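In this note's numbering, the protein residues as written are 7 to 142.
We put the CB at the ideal spot given by N, CA and C, even for glycine.
Owing to the predicted nature of the structure, the values given are computational and were not obtained by experimental measurement.
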């Protein structure tokens, strides 16, 4: 994967129903907020960033992690041109209708930002994320 960002690797969390006042407005009147995490030279930024999202730890104060109820693990990632393709395994468990765009935004923006890709395709057990969300 590509090099590290000077300010650290951004991991995206959600400010619920704040109308875009703390980040990019999306979904159910939420904001997508980048929180920067330092990685060591030995750590791969994408795997590290997704590990934070998928690890189930407490999100920063005032922010929400829509992935907390999911049991997902990072498998691999690779570039297909300017697209980063991310493979995860496990079960996606959104907490409600508003969690669907939150899950998509958190995973996609974290993946794109971690490696400097133009876009991201996320797969869960070989299925596109949108398909995995519709099968739950």
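Next item on the list: Starting from residue 126, follow its DSSP beta bridges and name the residues at the other end.
Entry: Here residue 126 corresponds to residue number 120 of the chain shown, with the count starting at 1. Note: residue 126 sits in a beta bridge opposite 90.
Next item on the list: Please confirm whether residue 123 and residue 95 have their CB atoms less than 9 Å apart.
Entry: The count along the chain shown starts at 1 and reaches residue 123 at position 117. The count along the chain shown starts at 1 and reaches residue 95 at position 89. In this structure, residue 95 does not lie closer than 9 Å to residue 123 by Cβ.
Next item on the list: Could you tell me which residues DSSP puts in a beta bridge with residue 14?
Entry: Along the chain shown, one-based indexing puts residue 14 at 8. In the DSSP output, where bridge partners are listed per residue, residue 14 has none listed.
Next item on the list: Check whether the stretch 100-120 touches the stretch 47-63, counting contact only when three or more Cβ pairs, one atom from each stretch, lie closer than 8 Å.
Entry: yes
Item checked: Segment limits, beta strand (DSSP E) that includes residue 74 -> Counting from one through the chain shown, the residue named residue 74 turns up at place 68. Neither: residue 74 is in no beta strand (DSSP E) and is coded neither H nor E.
Note to self: In the DSSP output, which residue or residues are listed as bridge partners for residue 30?
What the structure shows: Taking the chain shown and counting its residues from 1, one reaches residue 30 at position 24. Its beta-bridge partners are 38.
Check: Touch check for the stretch 123-142 and the stretch 9-28: three-plus C-beta pairs under 8 Å?
Finding: no
Check: Using CA coordinates, which residue listed in 29, 118, 40 is at the minimum distance from residue 4?
Finding: Residue coverage of the chain in this structure runs from 7 to 142, which leaves residue 4 outside it and unanswerable.
Check: Start and end of the alpha helix (DSSP H) containing residue 110?
Finding: Along the chain shown, one-based indexing puts residue 110 at 104. Counting along the chain, the alpha helix (DSSP H) containing residue 110 begins and ends at 105-121.
Notebook entry, point to check: Within this structure, are the beta carbons of residue 98 and residue 129 separated by less than 9 Å?
Noted result: Sequence index remark: in the chain shown, residue 98 carries index 92 (1-based). Sequence index remark: in the chain shown, residue 129 carries index 123 (1-based). Against a cut-off of 9 Å, the Cβ pair of residue 129 and residue 98 comes out as no contact.
Margin query: On the CB-based measure, 16 or more other CB atoms within 10 Å of its CB, does residue 84 come out buried or exposed?
Written below: The residue you call residue 84 lines up with position 78 of the chain shown. By the neighbour-count rule (16 or more Cβ atoms within 10 Å), residue 84 is not buried but exposed.
Check: Span of the alpha helix (DSSP H) holding residue 49?
Finding: The residue given as residue 49 occupies position 43 in the chain shown. Neither: residue 49 is in no alpha helix (DSSP H) and is coded neither H nor E.
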